[in-house]
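Let me begin by presenting the structure, written as structure tokens, before commenting on it.
Residue numbers (the UniProt record's numbering): 1 to 553.
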């Protein structure tokens, strides 16, 4: 069963949580209690394939009364049959202390495919079942999927839902703030059930529109809105799997006393939150009291890194010195780097910086609220209270924090809460210049990168992760960790940023050598897109209503 991070309603089942996405009170759904791993999981799961491992992990959170084991297996097999690599999430070993998980072997060449191929099939499964069981003569059930994207979510969701019966999908993206390939991947899909909206503004504006639509109970009910953003619990669940698959692949390579540390480029906090759940389930990572198992990597839009520096979650960007603040020198998890970046020219959106890693150009991390619930539960509720009392108190605290964020643009957590966060997570940021330097460094295969002259091309988001990982190692000189950087996108999705980074090489790099066939000619294909001039909620509603009604005719 599942509950809202803010309380306000009874527990819900998995199907209800997946189809509704966001709780009526604006909260996010989380498991009412976390399951336990089987006692012999390390042995029994060690030889499983990715899809077999997914079945075991999903089954912990999805009761067989809602989806039978065979049905779940069929959903998983169908979801990952679209991937080009048999391992789904293969690992590139750079050196004994650094590996990279390539999460971009799905149909849109981004890590979002791991979750959204599964979520698309889940939507279809639930809808088909509801329509089979509906009374004769009643209209069919529909789902109107609405989501905001800073780049990869949109195309991954569209590819997961295109052509599916009784499902319409509307994706909002910030006009001019996604890469050309990302925009083309979305807007060139001309299936009748796919609609793209280009919003004049930022990703946060797109997300605000989406949240407003879901909060409108009348509109939500009329069009049966479904969420594909990382606020949907099923996406977090799907992403837990590759933390376990990475562990099983790397475990035989670990030296004595060596521990894993996962380094995750993140903006919305969804990808790394899956790592947090893996940790809560019992996946070994980090060294308690000394080495955080999860390292957050942000670009100059660094609300997460600033939280780990100060305990203050604040919308505005703030410059931080290159060295660690004096007040944080004794913290468990170092916070690394300095903040820079180009401010957006529009005064209304001046707090979002346009960077070379646009998928992380956000002001507020929507999934952070889920972590806040657990931090509040662990540090701010008396252990002698009953479980329902502690849950209710945690929900009330999260609701208060989110209310402060809405009214004042910030909130501060107590020192005990910050220390608990630092015990699990480290955090760091990378500037655009550092991002470009990292792309060049790994392309050159320098000995310092440990590649012995082997060229390896990374996209700018992965470069942010690699840069922060290296800063952490330099800061701590800890030889007992094997850092695992999550690579989130194929470099060809950000060819302009990569090409800019490789200007200094002697022989010009030809992207045609690594260009996926799916990208060839993509920029020249016909497109379909609706323009939205700003945060126009009513206009967005009208576009959705008009096209959903048309699809029913």
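We treat Cβ as the ideally placed atom computed from N, Cα and C, and that holds for glycine.
Sequence-distant residues of its chain with Cβ nearer than 6 Å to residue i (five each side left out)
i: residue 554; result: With the chain covering 1 to 553 only, the question about residue 554 has no answer from this structure.
i: residue 147; result: 157, 171, 228, 229
i: residue 115; result: 235, 238, 239
i: residue 15; result: 66, 126
i: residue 164; result: 124
i: residue 269; result: 365, 367, 368
i: residue 100; result: 92, 485, 487
Selection from the options that minimises the alpha carbon distance to residue i
i: residue 108; options: 53, 160, 58, 129; result: 160
i: residue 52; options: 88, 524, 67; result: 88
i: residue 231; options: 241, 267, 221, 511; result: 267
i: residue 556; options: 398, 397, 352; result: Since the first and last residues shown for the chain are 1 and 553, residue 556 lies out of range.
i: residue 417; options: 313, 460, 283; result: 313
i: residue 117; options: 131, 401, 99, 154; result: 154
i: residue 482; options: 252, 551, 64; result: 252
i: residue 105; options: 94, 90, 97; result: 90
i: residue 86; options: 77, 540, 94; result: 77
i: residue 429; options: 530, 537, 464; result: 464
i: residue 59; options: 1, 95, 83, 92; result: 1
i: residue 41; options: 291, 354, 382, 284; result: 284
i: residue 387; options: 13, 94, 203, 34; result: 34
i: residue 440; options: 376, 507, 427, 377; result: 507
i: residue 286; options: 261, 538, 94, 295; result: 261
i: residue 480; options: 254, 401, 513, 136; result: 254
i: residue 291; options: 528, 538, 478, 354; result: 478
i: residue 517; options: 223, 280, 84; result: 84
Straight-line Cα distance separating residue j from residue i
i: residue 334; j: residue 310; result: Note that residue 334 scores 47 on pLDDT, short of 50, meaning its location in the model is unreliable; the coordinates nonetheless yield the value given after this. Rounded to whole angstroms, residue 334 to residue 310 spans 12 Å at the Cα level.
i: residue 522; j: residue 184; result: 6 Å
i: residue 413; j: residue 263; result: 24 Å
i: residue 442; j: residue 458; result: 8 Å
i: residue 258; j: residue 494; result: 34 Å
i: residue 129; j: residue 302; result: 43 Å
i: residue 278; j: residue 19; result: 24 Å
i: residue 486; j: residue 499; result: 22 Å
i: residue 445; j: residue 455; result: 5 Å
i: residue 340; j: residue 359; result: The pLDDT assigned to residue 340 is 35, lower than 50, so where the model puts this residue is not dependable; a value taken from the coordinates is nonetheless given after this. Taking the straight line joining both Cα atoms gives about 17 Å.
i: residue 3; j: residue 374; result: 13 Å
i: residue 504; j: residue 515; result: 21 Å
i: residue 293; j: residue 26; result: 30 Å
i: residue 520; j: residue 509; result: 17 Å
i: residue 379; j: residue 530; result: 47 Å
i: residue 298; j: residue 138; result: 49 Å
i: residue 256; j: residue 248; result: 16 Å
i: residue 96; j: residue 540; result: 51 Å
i: residue 178; j: residue 243; result: 28 Å
i: residue 46; j: residue 544; result: 46 Å
i: residue 321; j: residue 306; result: With a pLDDT of only 36 at residue 321, under the threshold of 50, the placement of this residue in the model should not be trusted, and no figure is reported.
i: residue 554; j: residue 206; result: The displayed coordinates of the chain run from 1 to 553. Any statement about residue 554 would go beyond what the structure contains.
i: residue 491; j: residue 308; result: 29 Å
i: residue 404; j: residue 528; result: 40 Å
Contact belief for residue i with residue j at Cβ below 8 Å, rounded distance in angstroms
i: residue 410; j: residue 364; result: Not confirmed; about 11 Å, so no contact.
i: residue 143; j: residue 166; result: 7 Å
i: residue 555; j: residue 241; result: Not covered by the structure: residue 555. The range shown for the chain is 1 to 553.
i: residue 217; j: residue 24; result: 7 Å
i: residue 304; j: residue 460; result: About 17 Å separates the two Cβ atoms, so there is no contact after all.
i: residue 466; j: residue 438; result: 5 Å
i: residue 7; j: residue 385; result: About 15 Å separates the two Cβ atoms, so there is no contact after all.
i: residue 80; j: residue 111; result: Not a contact, Cβ separation roughly 13 Å.
i: residue 64; j: residue 532; result: At roughly 43 Å, the Cβ-Cβ gap does not stay under 8 Å, so residue 64 and residue 532 are not in contact.
i: residue 376; j: residue 296; result: Not a contact, Cβ separation roughly 19 Å.
i: residue 362; j: residue 203; result: 6 Å
Own chain residues within Cβ distance below 7 Å of residue i, not counting five before or after
i: residue 201; result: 174, 349, 534, 535
i: residue 189; result: 158, 162
i: residue 38; result: 44
i: residue 21; result: 214, 226, 227, 231, 232
i: residue 182; result: 151, 152, 155, 493
Residues of its chain near residue i, where Cβ-Cβ distance is below 8 Å and the 5 sequence neighbours each way are ignored
i: residue 526; result: 188, 190
i: residue 415; result: 311
i: residue 551; result: 168, 192, 193
i: residue 75; result: 67, 118, 121, 122, 125
i: residue 140; result: 131, 134, 166
i: residue 145; result: 123, 157, 161, 167, 168, 169, 170, 225, 226, 227, 228
Any C-beta of chain D under 8 Å from that of residue i
i: residue 45; result: Any reference to chain D falls outside this structure, which holds one protein chain only.
Any non-hydrogen atom of the ligand NAD within 7 Å of residue i CB
i: residue 373; result: No copy of the ligand NAD appears in this structure; indeed no ligand is present at all.
Are three or more beta carbon pairs between the stretch 269-282 and the stretch 234-245 nearer than 8 Å? With a cut-off of 8 Å, the stretch 234-245 and the stretch 269-282 count as touching, because enough Cβ pairs lie within range.
Determine contact between the stretch 362-380 and the stretch 22-42, defined as no fewer than three beta-carbon pairs at a distance below 8 Å. The stretch 362-380 is in contact with the stretch 22-42.
Can we say the stretch 465-478 touches the stretch 433-440, given the rule of at least three CB pairs closer than 8 Å? The answer is yes - the stretch 433-440 touches the stretch 465-478, with three or more Cβ pairs under 8 Å.
How about the stretch 212-226 and the stretch 67-82: do they share at least three Cβ pairs that are nearer than 8 Å? No, the stretch 212-226 is not in contact with the stretch 67-82.
Below 8 Å, how does it come out for the stretch 396-410 and the stretch 422-432: are there three or more Cβ pairs, yes or no? Contact fails between the stretch 396-410 and the stretch 422-432, because fewer than three Cβ pairs, one in each stretch, are under 8 Å apart.
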